[in-house]
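Structure record follows, encoded as structure tokens.
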Amino acid sequence: MANKKGLLIATLIILIIVVAVTLALVFTLKKDDDNNKSLPTSSFKVVQTKQGGIEGKIIKVTRDDGKTENVYRFRNVPYAEPPIGDLRWKAPKPIQKQSKTLKYSDQQIWCAQIQTPNNIINITEDCLILTIRQPESATPDQPLPVLFWIHGGALARGSSDWYYPDEQTSASLGMVTVSINYRLGIFGFLSIKELWSTNDGEEGQYGNFGILDMIEALKWVKMNIQSFGGDPNKVTILGESGGGAAVFSLITSPLTDGLFNKAIAASGYPVSLETTYQRADSRYGSSFKEDLRCSNGNDGDVMTCLREKTMTSILDKDPSMMRPLNESSWVFPFNRRLNDYPIRVIDDEIINTPLGSPGKYLQKDLKVLIGNTAAELPPQNATKTIQGLEEFLKPRILSFTDMDTYEELMNLYRQKRPDDKTSPADITPQLVYLQMAADIVLSCQTNDIVHNISLESNLTVYRYLHSQPLSENQNDDNEFESTAYHGIDTDVLFGIKYYYPDYNITDSDQKLILNFRQIVKDFVYGAPEFETTYTNKTIEFWDDRILTWDKPYHEKECKVLGDNGFLKRAWGQLG
């Protein structure tokens, strides 16, 4: 009897547990259903394009306004055939239609390069891909503007997987974003006489293959982006550093008409008047061919030999001028030429004029936002004290000019600008160095570019300056991140998560993010107040206010630097 009673009690307990678990499960599912009514039943979706189906993954994010939104991520979408074998050093060939749906992949793809950030070891020539991020609010019937991102890296390193507008950025800006890979270094910018003859009559006869890749990606976007909810008639190209340099090339190219209507160049440098394809060949052509043992035979034999070499052997013999900017490019220059970066060449076809030549812009009704940071070069240990600053700068400045100009420059940079947020006590020796160095390598030539573009009747130009460091780094006057460093503007735009992934974003930083995102959003969307307020002016944004300048940034300082030859050693003149 006792056994039966115990069995009955045990059975009853089990039934109670089953009922409780069932009710809890039903309640949980109901709760999840209530919270995720907008979520599709699948975590993937397929979009049909002219080249076939593409599978994307759904990512749920919280926008800047606190609301959640689903964003579809389509990764590693090929926009051109692999540039390998006979297609090495050729214009990109449009991708053919695929019979099978392209499955989603999280694999990182980096183009062939000598020096990769973050110790990436998997590099390949088969790298011409793009990634699309589509907010759920973007539909073919109600498309959003497109932000087309071109990564930096001196045109010699980097990837669309390095730093980019992610799903949260895309949703917060209210834009479909596209991030691309393009050929780098020697694979993207080779220009030798054997190439000119064997590619005779073809696009890319003289080089600039990396720029042609960008143009091919823009053509793919023009053809397909509406399927992803992007407006093909509202495309803004955005590039930083080397990517900003590419933006300058794209807005002067006759091959880009109709592919975009706005452009943002962040810390970009223009192609020099002197960087012709003839000069490129004379600088490195012979040594490159000899190092690879491909200098014998006719032009066709030479190119066949070069195309048969492995990727690794070519990278091993990559000329120094095709490598990323070296240490001497990141310090206040002496008066001597630097020869260490990939050359975009004036080729009369892809890039037929240097930026800054009035009357040469081919894009119609183009609007351009150009910016740079207040500290493009990193701090130097030697410039922390007045004595150290003078000992460091004097020989460099005197390699250009005389003692009177040295004294004039030192006095100019020790003065406080009107409405400057820094007090006189904050104009430290380090700040004097940082601002003078930034003006030489980039800020002053940016003034010239802005001025020349403003003379074009069909172009509208805006200028911004990023001056505020990240708040948690401001007290360390000897670290790169304590300044408004090279790249901080796009780092802020993308949410401060790439250069310093463990950084604790403060309220001040968040306000800075929101301010710059609003500037970019107003520019892309064409907000009337933005256009009325900022046309032909410099915007200087902080966390708590936005300043405008009617005159060029550091106008007096730039005139002295220009009159004494310093600007011939700017980044745009390195070739």
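In terms of full-length UniProt numbering, the sequence shown opens at residue 1 and continues consecutively.
Ideal placement from N, C-alpha and C gives every residue a C-beta, glycine not left out.
By DSSP, does residue 466 sit in helix, in strand, or in coil?
strand
The beta strand (DSSP E) spanning residue 168 covers which residue range?
Not the beta strand (DSSP E): residue 168 falls in the alpha helix (DSSP H), residues 167-173.
Please determine if the stretch 300-309 and the stretch 368-377 are in contact, where contact requires at least 3 C-beta pairs separated by less than 8 Å.
no
Could you name the residues that DSSP lists as bridge partners for residue 74?
132
Please report the distance separating the alpha-carbon of residue 444 from that of residue 554.
8 Å
Going by DSSP, what residue range makes up the alpha helix (DSSP H) through residue 240?
Here residue 240 belongs to no alpha helix (DSSP H); instead the beta strand (DSSP E) covers 230-240.
With three or more beta-carbon pairs closer than 8 Å as the criterion, would you say the stretch 530-550 touches the stretch 505-520?
yes
Please classify residue 187: does DSSP put it in a helix, a strand, or coil?
helix
Using the Cβ count rule (16 or more neighbours within 10 Å means buried), how would you classify residue 121?
exposed
Name the residue from 390, 55, 255 and 401 whose alpha carbon lies nearest to the alpha carbon of residue 43.
55
Following the continuous beta strand (DSSP E) through residue 266, name the residue where it begins and the one where it ends.
262-266
Within 10 Å of its beta-carbon, does residue 205 have 16 or more other beta-carbons around it, so buried, or fewer, so exposed?
buried
On a Cα-Cα basis, can you pick out the residue from 90, 247, 232 and 105 that is closest to residue 198?
90
Per-residue DSSP class, three states only, for residue 625:
Any question about residue 625 goes unanswered here, given that the chain covers just 1 to 575.
Please state whether DSSP places residue 372 in a helix, a strand or coil.
strand
Please report how far the alpha carbon of residue 213 lies from the alpha carbon of residue 126, in whole angstroms.
12 Å
Rounded to a whole number of angstroms, what is the C-alpha to C-alpha distance between residue 70 and residue 150?
24 Å
Mind checking whether residue 95 and residue 80 have CB atoms under 8 Å apart?
yes
Indicate the three-state DSSP secondary structure (helix, strand or coil) for residue 485 in the structure shown.
strand
Just to check my reading of the structure: residue 331 and residue 377 have Cβ atoms closer than 8 Å, yes? What is that Cβ distance to the nearest angstrom?
6 Å
In chain order, what residues of the same chain lie with their CB nearer than 6 Å to the CB of residue 450, ignoring the 5 residues before and after it?
370, 461 and 463
How would you label residue 234, buried or exposed, when you count the other beta carbons within 10 angstroms and need 16 or more for buried?
buried
Please classify residue 49: is it buried, with 16 or more other beta-carbons within 10 angstroms of its beta-carbon, or exposed?
buried
The stretch 274-286 / the stretch 179-199 touching (three or more Cβ pairs under 8 Å)
yes
Excluding five sequence neighbours on each side, which residues of the same chain lie with their C-beta closer than 6 Å to the C-beta of residue 392?
382 and 383
Where residue 289 falls: helix, strand or coil (DSSP)
helix
Touch check for the stretch 486-502 and the stretch 529-537: three-plus C-beta pairs under 8 Å?
no
In this structure, does DSSP put residue 400 in helix, strand or coil?
coil
On the DSSP bridge list, what partners appear for residue 149?
179 and 238
One or two residues paired with residue 123 in a DSSP bridge
110
Can the beta-carbon of residue 389 be found closer than 8 Å to that of residue 556?
no
Going by DSSP in three states, residue 226 sits in which element: helix, strand or coil?
helix
Backbone CA spacing between residue 427 and residue 415 [nearest angstrom]:
8 Å
Just how far apart, CA to CA, sit residue 468 and residue 509?
9 Å
How should residue 403 be labelled, buried or exposed, when 16 other C-beta atoms within 10 angstroms of its C-beta is the threshold for buried?
exposed
Is the beta carbon of residue 350 sitting closer than 8 Å to the one on residue 255?
yes
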